[in-house]
Amino acid sequence: MTDVVVVESPAKAKTINKYLGSDYHVLASFGHVRDLPAKDGSVRPEEDFAMDWSSEDRGEKQVREIAQALKAGHSKRLYLATDPDREGEAISWHVRQMLEDKRALKGVEVHRITFNEITKRAIQHAIENPRELDVPLIDAYLARRALDYLVGFTLSPVLWRKLPGSRSAGRVQSVALRLITDREAEIEVFKPREYWTIEAAFRTPAGAPFTARLTHLEGKKLDQFDLADEASAHRAKALVEGGSYTVSAVEKKRVRRNPPPPFTTSTLQQESSRKLGFGAQATMRLAQQLYEGVDIGGETVGLITYMRTDGVQMSREAISAIRDHVKDEFGDNYLPAAPREYSSKAKNAQEAHEAVRPTDVGRTPQEVARYLNPEQRRLYDLVWKRAVASQMQSAEMDQTAVDIDDAAGKARLRATGQVIAFDGYLKLYREDIDDAKLAADDENRTLPPLQEGEQPKRGDVAASQHFTQPPPRYTEASLVKKMEELGIGRPSTYASILQTLQDRDYVRLEQRRFVPEDRGRLVTAFLVSFFERYVDTGFTAALEEKLDDISGGRAEWRQVMHEFWDQFRTAVDATKDLKISDVIDELDEDLGPHFFPQRGDGADPRGCPRCQQEGRTGGRLGLRLGRTGAFIGCSNYPECRYTRPLAVPGAEGDAAEGEGSDRGLGTDPTTQQEVSLRRGPYGLYVQLGEPGVDEKGKPTKPRRASLPRGMDPDTLTLERAIALLNMPRIVGAHPETGEEITANLGRFGPYLKMGALSQSLQPGDDVLSIGMNRAMELLANAKPRGIALGAHPKDGAPVEVKRGRFGPFAQHGQTVASLPRGTEMESFTLDQAVALLAEKGKVLAPKKGAGNRKTASAKAKKPVAADAEAAPKAPARAKAAAKPKAAAAKKPAAKATTAKASTAKATPAKAAKPAARAKRSV
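This is how it looks when you write it as C-alpha cells:
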C-alpha cells in the first residue's frame, strides 16, 4: 500500500520520491490541470460569478494517472504538495475537484502539505504536519481569475472596436504600461536647465593635494541654480581666485551602514537585473531551477528556498546556521551580538514565506560551482552572499567635512572625504555594485590631515557647466520596484507582465530600458481618456488590498467582485455610442505633442509636406485610422494622399479607402525600371517596376522589399531602395571558418545568417551597412535552431531538439513534444528526448492541400486569451474547424462550477468568443 503525493513539476517529483522512499508514489500535475474554457460565459456575474472549468488532454491525462495510482496502490492518503503560494493552492484545489468528479477519493484522506525548500528534512516535516486546503487563499485565486477574465474579455473588445490595430487591455498590464508612457511623456516635455559649479585645487602646508567645492558666495549659501550661466560662474571663479584661505572648521563623524535584508522575489529580480543583466523572466527561470534542484554528486539537491515570496524573514535554523558560518569564516568581529530581524516595507506585503535564501549555507558558491551552468552559478552566488551578509555586522565609515573660508569672508568652499573604518558586511556583499574596486574607490575618498587655522595653498580654479537631466526611462529593475512600492500586481506576476507588454508590441527594450511604442501610447491614451479609473495606480492598489483581504479571510470574494463589476460594467456600457471619430479626435489632441513636436525652424509641425511641395493650402496632418490601425494622414484627402506610419510594425494605416501612398524614387540603372515607395496592408515597401505578363501570358509580380523597422520613409533614397530590393547582402567571409555571412530581411525583421546560425539585428543596426566586426559580434551569441541528438532506438531515425516560436521542442519524424519549462535545449539528452516523445509526443498534422480548402475556409475565428494578469490577444484563427451541432451533441463536455458540477450543453457551430488561459509565471 502506497500513499500518493502530487507536486507541480516532474523534476520535483523525481527528487521528492527519492526522499520519501517506496512507501510513496510522487506524481506531477505539470502546473494547472484545468482552466476557464475558451468561450463566452465562463464567468457569469449574473449568477453570482459562477465559473465553468474545463481541462485539456494534458490535464485530464495527469489527473487520470493520479486516480490510477490511488487505485493501484490501494492508497489511504493523498498529499497535495503543490507550490506554497496562491497558484499552488489553486492547483491542489483543482486536482481534488477533478478527482472527486471521477469518484477516485472514496476512502482516501486528502491532505495539503507545503515546504519552502526541497530538502529531505523539509519534505519529511511537511508529511508529518499536513493541513487542510486554505479556503480563503482559494477564494482569492477565484476572485483574481474572475477579475482578470472579465476585465480582459470585456475591455479588450471595446479596444478592438474603437481603436483598430490595438491588441488587448489587461488589468495590471495596462497600469504598468501607463507608468512607462507617463515617464516617456515627462522626458519629452523636459527642458534642461543650466547650472555651474566652482571647484578649486588646494595643497596642505605639507604639500598633500585635495579639492574643494564653492558652497557660499558673499555670505549666501549657494543653491543649485544660483550660478545659472557662464557670466555668473566666471564672476564667482574670479572671486575665488582672488582670495586667501584658512581652514575654518573640521567635522568628523562615524556612521554605520546596515546590511540589506535577504531577497524577496522583486528585490531578487531588481538586483539580478542591475548586477547580472538578467531579465525578470530569465531570473525566475534560473531561480526555479535552483529551487527544484541540481545534480550534485549523483543526488538532486534543491539549492535555494521557494522564489515566489515577499517575506524577508528567515527560519531560526537558517539564521543560526548562517551566524555559525559567519563566525567560522570571518571571525567574531563580523558577527552582531544578536540575530538580525527584518520586516518588509513593501506595500501590501504578505510575509507568508521565508525570504529567498540558500537551503544549506555550507554549500558555498565555490563548492557547488562545478555543478552549475554559468548563469545558475552567478545567480546562486548572488542569493548566497545576500543571505549571509544580512546576518553580518554593520559597516562603519569615518566621514570628514572641511570648510575653507577666504580672509574677506566672501567665499567658502567645502571638501569631503570618507574612509571605511570597518568593512563589516561589505567584506562579502555590496548592494547595487558588482565591481569591488570601483566600490572601494568610491567609499574611500580620503582627505589629507587638516587642522583648524591651517592655510592651504590654492591652485587652479575650474568653472564647470552642467544641465539637469530628465527622469530616466524605467529598467526592468526600476519598474518592478515602482510597481511594488505602489502595491500594483504581485511579485510572482511581474515577470509575465513585463513580457506581455513586449509581446504585444506596446513597449520595447533599448539599452535595457523600456521605450513605449506608438501602439502602446495610443492604447494608454484611449484607456486614460475613457477608462481612467481602471488604469489609475491608486485604484489598482486599493483593489489589490481587497484581494489580499480575501486571502486573509477578512472579505468575501463575491462581494468584492460585485462592488467592482457593477461600476466597471457601467463604464463599458457608456462607450457603446462612442464614435471612432470621437476617439481619434481625443487621441489626436492628447498625443499631438508626441506625433508633431515643435520644429526648429518655427514652421507648423502639422503642416503637410506634400501639400506644401505641390502648392496646396490647408493641408494639416492628424491622426487617422485605417483598417489595420492608426497612421498620420493629411486633411486634404483625397486630393492629397500623403500618409506617414506610426513607429510600430503593422500599425500603419491606409488613407481613407485603404489606397496606398505611392512615391517615385527614380530609375534603377540596371533594369531601367521605376523604383517606388508604396504602402500596402502590412506597411511600407519598395517596388521595382509594375505588374506585367510573361511570354506565355501569365501574370508576373514585380520585385518588392519591406522597409525595415525604424527606417524613415521620408528620407529614403533611390540607392537604399535598390539595396533593399537586392537583398540578401553579402557582408563577408568569416576569417576562421571561411563561411559566408549575409544580411537579409525576414518575417520578423532584419537578420544575419552564417551556415546554420542566424541572429536578429539589434535596434540601431542597419541591415544595409552592417560590417564584419559587428556581424561577428552578433553571431557570437547566436544559437543554432536545431541540435541533432542521435538516432531513435526503435527505428534509427534522427531525433533533434529545435528552437520554435513557442520555445524549444523535441522532434522525431512527424512527432513533436515541447521541452519542460525552463529546460535548456543545449543540455537535453537523447534519452530524455525519447522518453518525452513517448509520453507527450503529438503527431504534426499534414499540410492542407487544395482538397481541404473548403474545410479550411470554414474555420471559425476567435480571440486568443492572455495570461492571468493580461487581457486576450487580438482575434486569431481557431485551431480547429467548427463542428456541426449534431456532432457536438454526441460528445458532451463535463463542466464544474465553483459550487457544483454540471453537464455542459452542446452548442451549435459558430465563431468562438474571447477565451483566457492562466499561465504560471516562471
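Sequential numbering from 255 applies to the sequence shown in my numbering. Where a beta carbon is used, it is the ideal one built from N, C-alpha and C, also for glycine.
| task | Keeping to the same chain, check which residues put their C-beta closer than 8 Å to that of residue 873; ignore five residues upstream and five downstream. | result | Closer than 8 Å at Cβ, skipping near neighbours: 861, 862, 864, 865, 866, 888, 889, 890, 894 and 896.
| query | Quick one, which of 1032, 401, 1055 and 765 has its alpha-carbon nearest residue 788's? | reply | The shortest Cα separation from residue 788 among 1032, 401, 1055 and 765 belongs to 401.
| query | Can you tell me the Cα-Cα spacing of residue 1088 and residue 1046, whole angstroms? | reply | Straight-line Cα distance between these residues: approximately 7 Å.
| Pick from 771, 407, 964 and 1030: whose alpha carbon is nearest that of residue 990? | For residue 990, the closest of 771, 407, 964 and 1030 by C-alpha to C-alpha distance is 1030.
| Can you give the Cα-Cα distance for residue 407 and residue 420, rounded to whole angstroms? | If I take the Cα positions, the gap works out to 14 Å.
| At what residues does the alpha helix (DSSP H) containing residue 411 begin and finish? | 389 to 416 is the extent of the alpha helix (DSSP H) around residue 411.
| task | Report the option in 1011, 994 and 921 whose CA atom is closest to the CA atom of residue 975. | result | With distances taken between Cα atoms, residue 975 lies closest to 921.
| query | In this structure, does DSSP put residue 491 in helix, strand or coil? | reply | If DSSP states are grouped into helix, strand and coil, residue 491 belongs with the helices.
| request: Look up residue 849 in the DSSP assignment and say whether it is helix, strand or coil. | output: Collapsing the DSSP output to three states places residue 849 in a helix.
| request: Going by CA-CA distance only, name the one from 1024, 779, 1083 and 859 that's closest to residue 845. | output: Measuring C-alpha to C-alpha distances from residue 845 to each of 1024, 779, 1083 and 859 identifies 779 as the nearest.
| said: Given a cut-off of 8 Å on the beta-carbon distance, is the pair residue 718 and residue 453 in contact? | reply: In this structure, residue 718 lies near residue 453, with their beta-carbon atoms less than 8 Å apart.
| Helix, strand or coil: which one does DSSP assign to residue 897? | DSSP places residue 897 in strand when its eight states are reduced to three.
| request: Could you pull out every residue in the same chain whose Cβ sits closer than 8 Å to the Cβ of residue 634, ignoring the five residues on either side in sequence? | output: The answer, listed in chain order, is 544, 557, 558, 612, 619, 622 and 626.
| said: So for residue 560, helix, strand or coil by DSSP? | reply: Under the three-state reduction of DSSP, residue 560 is assigned to coil, being neither helix nor strand.
| Does the beta-carbon distance from residue 369 to residue 338 come in below 8 Å? | The answer is yes: Cβ separation under 8 Å.
| query | Residue ranges of each beta strand (DSSP E) run of no fewer than 3 residues wholly in the region 546 to 632, ordered along the chain? | reply | The region 546 to 632 contains these whole beta strand (DSSP E) runs: 548 to 550 and 553 to 555.
| query | With a CB to CB cut of under 8 Å and the five nearest residues on each side skipped, what residues in its chain are close to residue 1073? | reply | Beyond the five residues adjoining it in sequence on each side, residue 1073 comes within less than 8 Å, by CB distance, of 1055, 1061, 1062, 1063, 1064, 1079, 1082 and 1090 in the same chain, given in chain order.
| query | Helix or strand or just coil, what does DSSP make of residue 1036? | reply | Coil, per DSSP.
| said: What residue range does the alpha helix (DSSP H) around residue 1002 cover? | reply: Residue 1002 -> no alpha helix (DSSP H), and no H or E assigned at all.
| said: Can you give me the C-alpha to C-alpha distance between residue 577 and residue 598, rounded to a whole angstrom? | reply: If I take the Cα positions, the gap works out to 21 Å.
| task | Taking residue 958 as part of the alpha helix (DSSP H), name the residues at either end of that continuous run. | result | From DSSP, residue 958 is part of no alpha helix (DSSP H) but of the beta strand (DSSP E) over 957 to 960.
| Under 8 Å, do residue 492 and residue 471 count as touching if we go by C-beta distance? | Taking 8 Å as the cut-off, the Cβ atoms of residue 492 and residue 471 do not count as close.
| field | Nonlocal neighbours in the same chain, by C-beta distance under 7 Å from residue 256, ignoring five residues either side | value | Around residue 256: 277, 278, 279, 327 and 329.
| task | Count the CB pairs spanning the region 638 to 646 and the region 576 to 590 that are closer than 8 Å, and state whether there are at least three. | result | Result yes; three or more Cβ-Cβ pairs closer than 8 Å.
| request: Starting from the C-beta of residue 259, find all residues in its chain whose C-beta is less than 6 Å away, skip the five residues before and the five after it, and write them out in chain order. | output: Excluding positions up to five away in sequence, the list reads 278, 280, 333 and 335.
| residue 464 - containing alpha helix (DSSP H), residue span | Note, residue 464: premise wrong, no alpha helix (DSSP H); beta strand (DSSP E) at 463 to 471.
| request: Let me know the secondary structure DSSP gives residue 839 once reduced to three states. | output: Of the three classes helix, strand and coil, the one that applies to residue 839 here is helix, per DSSP.
| query | At what residues does the beta strand (DSSP E) containing residue 719 begin and finish? | reply | For residue 719, the enclosing beta strand (DSSP E) has its first and last residue at 711 to 721.
| If you compare alpha carbons, which of 950, 948, 1097 and 958 is closest to residue 928? | With distances taken between Cα atoms, residue 928 lies closest to 958.
| To the nearest whole angstrom, what separates the beta carbons of residue 515 and residue 721, a pair I think is in contact under 8 Å? | With a Cβ gap of about 37 Å, residue 515 and residue 721 do not count as contacting.
| request: Report the option in 1022, 741 and 984 whose CA atom is closest to the CA atom of residue 1007. | output: Of 1022, 741 and 984, the smallest CA-CA separation from residue 1007 is found for 984.
| message | Tell me the residue span of the alpha helix (DSSP H) that contains residue 822. | response | Note, residue 822: alpha helix (DSSP H), 811 to 827.
| query | At which residue ranges does the region 266 to 295 contain complete beta strand (DSSP E) runs of 3 or more residues, listed in the order of the chain? | reply | The region 266 to 295 contains these whole beta strand (DSSP E) runs: 278 to 282.
| Cut-off 6 Å between Cβ atoms - residues of its own chain near residue 1140, not counting five sequence neighbours on either side | Confidence is the limiting factor: at residue 1140 the pLDDT is only 37, short of 50, which leaves the residue's position unreliable, though a coordinate-based value still follows. Excluding positions up to five away in sequence, the list is empty.
| message | Assuming residue 379 is part of the alpha helix (DSSP H), what are its boundary residues? | response | Counting along the chain, the alpha helix (DSSP H) containing residue 379 begins and ends at 374 to 382.
| field | Spatial neighbours of residue 716 in its chain, beta-carbon cut-off 6 Å, leaving aside the 5 residues before and after | value | Cβ-Cβ distances below 6 Å link residue 716 to 453 in the same chain, with the five nearest sequence neighbours on each side left out; the list follows chain order.
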